[in-house]
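Enquirer: In the numbering used here, the protein residues as written are 1451 to 2442.
One structure, as structure tokens, below. Some questions next.
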Amino acid sequence: MIRTSGLSPTREGLLHDRWDDSQKKFHDDVYRSSGESDRRLDELEIHDDRPKQGVFGRWAQKWFGGYQTAERNYTDRKHTGHGSRAGKQKARGCCSRYKICFIATGILLALFLIASGSGVFWVYNTAPKDGQSPPWYPSPRGGTVKSWEESYKKAAVMVQKMTVVEKVNVTSGTGWSQDLCVGNTAPANGVGFPALCLQDGPLGLRFVDHSTAFPGGITVGATWNKDLMYRKGKAHGLEAKLKGVNILLGPSMGPLGRMPAGGRNWEGFGPDPVLQAVAASEEIKGIQDSGVIATAKHIVANEQEHFRQSFEWGLPNALSSNLDDRTLHELYLWPFAESVRAGVASVMCGYNLVNNSYACGNSKLMNGILKDELGFQGFVQSDWLAQRSGVASALAGLDMTMPGDGLRWADGKSLFGPRLTEAALNGSLPLERLNDMATRIVAAWYQLKQDNQTQWPPPPPKGKGGPNFSSFTDDKIGLIHPGSDDKTKAEVNKFIDVQGKGNKSHGLLAKQIAIEGTVLVKNLGGILPLSKKGSSKRKDAAAKYRVAIFGEDAGPGDGPNVCPDRSCNQGTLGSGWGSGAVDFPYLTPPLEALQSAFDSDSVEITPLLSNDIPVKASSSLLHNQDLCIVFVNSDGGEGFESWNGVRGDRNDLFPQKGGDQLVQKVARACGKGKSDTIVVVHAVGPVVLERWIDLPSVKAVILANLPGQESGDALADVLFGEVDASGRLPYTVGKSLSDYGPGGQIMYYPNGVVPQQDFTERLYIDYRHFDKHGITPRYEFGFGLSYTTFEFSNLTLTEQKPKSPLPAPRLDSQAAPPAYPSDLPDPSTALFPPNFRKLKGRIYPYISSISEITPGKYPYPRGYDQVQPLSPAGGAEGGNPDLYTPHLSVKINLKNTGSRKGKQVVQVYVSFPEGVVDTSTGDKIDFPVRQLRGFEKIELDAGKSQDIEIELTRKDFSYWSRGLGNWVMPSDDKFTISIGASSRDLPVSAQW
Ligand code: BGC
């Protein structure tokens, strides 16, 4: 029987709507402590004052007497998953008399041991609060929608023939580094189902040679260009396929970006659910059109790195994101819903708890919301070690465990594997659930046509397919099971170039994304675009125009791949760090690109690739410049790595490595303060620019986000106006971190053994927060300058369907899930085959003896025997199809009123009526001032205009009613539809 150590199998997550007193206390505690750090972080004086954190923070010092974390240990090429403790407090004090001293020390030691022993006992036995999420059982079976019907029929034929161990093989990873990909399943040989390779995503292919380092997700979001989003997915998917990857671990849409300093926000597309959803679903369509299974990750509310994972932060449990049903649906779930609607074949559940139930064991989340309400037909895989229980997780809807190990990294003690076999054979896990788990995975494989052996040749020994790279070595010949004791070697790296050639080169696409994801936010006096010949303003016509380029971020540093998973900030910043990062094939540094773009006959470039300008340089070099370009940056990433005190989540929003001082120094001294300074920022998210943005000589500022391998060339094209500046902010740039509100703050210190993070700001994150509280940002969501100007006019609204409160009733299923015989298999079929050679640490589905199968009384979760009513919001992939019925067509004319070709993003925002009261609960429903509901990027020649039509659906005009468990459209009053170039520049509006 599979049991989670220390966790009750009945623990469920709650999508609760009201805060009880203890939650309120947690909330107050969180905000009290974040308030403290706000004050420190938002001071505008420059000082390097980061929160000093050991792994346990202040709390740990109390309980563990000051033990500090050691930086993470590494295996050959990735994390082992958890840190180790090192260092001790210094012994203090002395005794005048040896004997007394000895006794006293003994007593103190005994007291200390008792106290710390009970402390440790308390810590390790404190379980998450139980019962905060309603149970939702049984797990809905896949195969209920038309578009998957054929795949399910084929899957049923195959699964029907599988033995129980084959079904388990399909659902269980083989263990960390047991095979060549970051995640691997074992085959079902008897029926011809292959081992599957799972690889990160989402910036490009992780641990893979000769593939493209695309710009980060946040840059893709900043393009606001649906076509580029799709093409990025298509190219990324094609590269994966050519490398033998079946399942890509991306795109990422959780974190959404509740906290601007969140370490992994850069992997996704920005903190607005609609922008995030459009980008994610376009990318999914692209990946899957290349034949690879995409993974929407990480469901849900996985918003910060601190305490994201059990044990990694010194605590036995991860943090719990506590949010109400409406916030969940209208913000954090929205991109997942659109991903399911786009047909995504896999979803990854996150590390965190959702309302005190682990996401990967939360039946309300996986069974109720994902599989019933959103009609998800693919399979749910766990994040790497996010699974925290066995049977309980399977019952709650988890279909595949990754990488296969158990509660600890590479421990070889799977919570599925042989335990799942045992549970199926002893009747604890209904066979129907195991069948559904395997069927969902096999159906996804058929859905993506991976059964086509010309396209997907089988792996050795049957064929030459499978992964042609190793995640664990760069050598051509390497171990085929690197994490085991098997010493068999083969050609593991075939160095196949998948980057595309000629005009199909993915580098060109990466460059286009970097270009369109570069946001020009300040351009005084039209200083940009620059002339390649320098400026005619040069005083001495015979002399060369002098340009100085400052900052480490302009240069190559020690190369882009010098730190594991890009977990250090050196050289120019092309990506954040963590599992979402890749080995760059190359990275064009900005300096190189600028040097080759400027005409060397008339321009003299002086580089100073350091953030510390020597005093001598300030007076001589700086004073003689006609133009100064300064590069600064701000880095962050996934929490299993840290750099310079940044443990994934950033400690503040300022530029790092003294970037602010650098800009100030340059701006004040460039041409003795009379020449122009241009600042370029590379960053994982918003950066506070206040320390220099208003300096008179800072004439232009470019937020280039994370540009990937084509960094320099893309930037040069924007700086010199080869293309329009067309990026728009996918987030708000606030004037301080505290301006983002209490909900925008990372919890750096745990507020309990199971840290509680309450999302009490509800819908009000990013621009919704700034708008509600009347806070003026430095640059608002959606903002960005072009080199030309645009005019919006002639707004017309055409009703396509009248308002009505509720969507049409849920449709019946369009197809029937496969049915299988229910007899329990003979346990002897699950025994290890005779003379079987077991590799160390590898997960096998077999049992050693029939005596292991002893039917027991499995303690089924609370509510397990109560069948849940189907959600009225469900009925098809993405939810009730009527939610996507267009109700209003918005037509607008856009005119390029400037003198050159350019691109504008037409942004449509909806403001809901005031005074709405929910009839089912009597709740007064408050709404954000406005919310993005649609957009389109348009290119126009100078003087040209175009009519643009954007359709808005029922869901766009609905709120989630917690009473009805459904979307409700307020139908009695008027909505305001505003159109323009950003969330605060909305020149035309009308009512419906
Ligand atoms: C990350 C996932 C990733 C997985 C495999 C985890 O640490 O959270 O996003 O897909 O590792 O590398």
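From the three backbone atoms N, C-alpha and C, an ideal C-beta is built for every residue, glycine too.
Please tell me whether, using a cut-off of 7 Å, the distance from the CB of H2337 to the nearest non-hydrogen atom of the ligand BGC is below it.
Expert: Checking the Cβ of H2337 against the ligand BGC gives no.
Enquirer: Answer yes or no: do G1933 and Q1628 have a C-beta to C-beta separation smaller than 8 Å?
Expert: Yes, Cβ-Cβ distance for G1933 and Q1628 is below 8 Å.
Enquirer: So A2166 packs on T1968, CB below 8 Å; how close in whole Å?
Expert: A2166 to T1968, Cβ: 11 Å. No contact.
Enquirer: Does the distance from the CB of I1749 to the CB of F1719 come in under 8 Å?
Expert: Contact: no.
Enquirer: Alpha carbon to alpha carbon, what distance is there between I1963 and S1955?
Expert: The alpha-carbon atoms of S1955 and I1963 are separated by roughly 13 Å.
Enquirer: Check whether the stretch 2192 to 2205 touches the stretch 1751 to 1770, counting contact only when three or more Cβ pairs, one atom from each stretch, lie closer than 8 Å.
Expert: Contact between the stretch 2192 to 2205 and the stretch 1751 to 1770 is present, because at least three Cβ pairs lie under 8 Å.
Enquirer: Kindly indicate which residue of A1730, E1966, Y1602 and Q2381 has the alpha-carbon position closest to the one of R2178.
Expert: Closest option to R2178, Cα to Cα, is E1966.
Enquirer: What does the alpha-carbon distance come out to for the pair V2275 and Y2181?
Expert: Looking at the sequence itself, residue 2275 is Pro, so the reference to Val does not match. So the two alpha carbons sit approximately 54 Å from each other.
Enquirer: Please report the straight-line C-alpha distance between L1884 and M1612, rounded to a whole angstrom.
Expert: Spanning the two alpha carbons is a distance of roughly 11 Å.
Enquirer: If I follow the unbroken beta strand (DSSP E) through M1798, where does it start and stop?
Expert: Taken as a continuous stretch (DSSP letters only), the beta strand (DSSP E) holding M1798 covers S1796 to C1799.
Enquirer: Pairing CB atoms from the stretch 1892 to 1901 with CB atoms from the stretch 1793 to 1813, are three or more of them under 8 Å?
Expert: Flag = yes, the stretch 1892 to 1901 and the stretch 1793 to 1813 touch.
Enquirer: When the Cα of S1813 is compared with those of Y2310, P2437, L2187 and L2338, which residue comes out closest?
Expert: Closest option to S1813, Cα to Cα, is Y2310.
Enquirer: Going by alpha carbons, who is nearest to K1994 out of F2034, A2043 and E2054?
Expert: Among F2034, A2043 and E2054, the Cα nearest to that of K1994 belongs to E2054.
Enquirer: What do you reckon, is the C-beta of S1622 under 7 Å from a heavy atom of the ligand BGC?
Expert: For the ligand BGC, not one heavy atom lies less than 7 Å from the Cβ of S1622.
Enquirer: Measuring from the CB of E1755, is there a heavy atom of the ligand BGC at a distance below 7 Å?
Expert: No, the beta carbon of E1755 sits no closer than 7 Å to any heavy atom of the ligand BGC.
Enquirer: The beta strand (DSSP E) with F1829 in it runs from where to where?
Expert: Start and end: F1829 to S1832.
Enquirer: For F1786, report the span of its alpha helix (DSSP H) as first-last.
Expert: Counting along the chain, the alpha helix (DSSP H) containing F1786 begins and ends at W1784 to R1791.
Enquirer: So which of N1953, R1591, V1641 and N1767 has the shortest CA-CA distance to A1844?
Expert: Cα-wise, what sits closest to A1844 is R1591.
Enquirer: Which value, in whole angstroms, describes the spacing of the CA atoms of E2230 and E1872?
Expert: Taking the straight line from one Cα to the other gives about 56 Å.
Enquirer: Can you check DSSP and say which residues form a bridge with C1647?
Expert: Note: C1647 sits in a beta bridge opposite N1634.
Enquirer: DSSP three-state label for F2220, please.
Expert: The answer is helix: DSSP assigns F2220 an H, G or I state.
Enquirer: Could you pull the start and end residues of the beta strand (DSSP E) that G2430 belongs to?
Expert: Unbroken beta strand (DSSP E) run through G2430: T2426 to G2430.
Enquirer: Could you tell me whether any non-hydrogen atom of the ligand BGC is closer than 7 Å to the CB of L1655?
Expert: For the ligand BGC, not one heavy atom lies less than 7 Å from the Cβ of L1655.
Enquirer: The ligand BGC heavy atoms versus the CB of L1699: any closer than 7 Å?
Expert: Correct: L1699 has its Cβ closer than 7 Å to the ligand BGC.
Enquirer: Which class does P2180 belong to by DSSP, given the choice of helix, strand or coil?
Expert: Here P2180 sits in coil by DSSP.
Enquirer: Could you tell me which uninterrupted beta strand (DSSP E) segments, each at least 3 residues in length, are contained entirely in the stretch 2305 to 2378, listed from first to last along the chain?
Expert: The qualifying runs are 2336 to 2346 and 2352 to 2361.
Enquirer: I want to check one thing, is the minimum distance from the CB of W1834 to the heavy atoms of the ligand BGC below 7 Å?
Expert: Yes; taking the cut-off as 7 Å, the Cβ of W1834 has a heavy atom of the ligand BGC nearer than that.
Enquirer: For G2121, name the three-state secondary structure that DSSP assigns.
Expert: In this structure, G2121 counts as helix in the three-state DSSP scheme.
Enquirer: Determine contact between the stretch 2034 to 2054 and the stretch 2086 to 2098, defined as no fewer than three beta-carbon pairs at a distance below 8 Å.
Expert: Result no; under three Cβ-Cβ pairs closer than 8 Å.
Enquirer: As a quick exercise: from G2415, D2423, I1930 and V2355, pick the residue whose alpha carbon is nearest that of A2431.
Expert: Per the Cα distances, V2355.
Enquirer: Please go through the same chain and pick out, in chain order, the residues whose beta-carbon is closer than 7 Å to the beta-carbon of L1494, but skip the five residues on each side of it.
Expert: Unreliable positioning characterises L1494 in this predicted model, as indicated by a pLDDT of 36, which lies under 50. The coordinate reading is nonetheless provided below. Here the set comprises E2140 and R2141.
Enquirer: Should S2029 be counted as a contact of the ligand BGC given a C-beta to heavy atom distance under 7 Å?
Expert: It does: the Cβ of S2029 is within 7 Å (strictly closer) of some heavy atom of the ligand BGC.
Enquirer: Below 8 Å between beta carbons: does that hold for R2159 and N2019?
Expert: Sequence inspection shows Gln at residue 2159; the Arg mentioned does not correspond to that position. Contact: no.
Enquirer: Does the contact criterion of 3 or more C-beta pairs under 8 Å hold for the stretch 2168 to 2178 versus the stretch 1969 to 1981?
Expert: With a cut-off of 8 Å, the stretch 1969 to 1981 and the stretch 2168 to 2178 count as touching, because enough Cβ pairs lie within range.
Enquirer: Examine the Cβ distances between the stretch 1669 to 1680 and the stretch 1728 to 1746 and report whether three or more of them are shorter than 8 Å.
Expert: Yes, the stretch 1669 to 1680 is in contact with the stretch 1728 to 1746.
Enquirer: Could you tell me which residues DSSP pairs with L2390 in its beta bridges?
Expert: DSSP output for L2390 lists G2352 as bridge partner(s).
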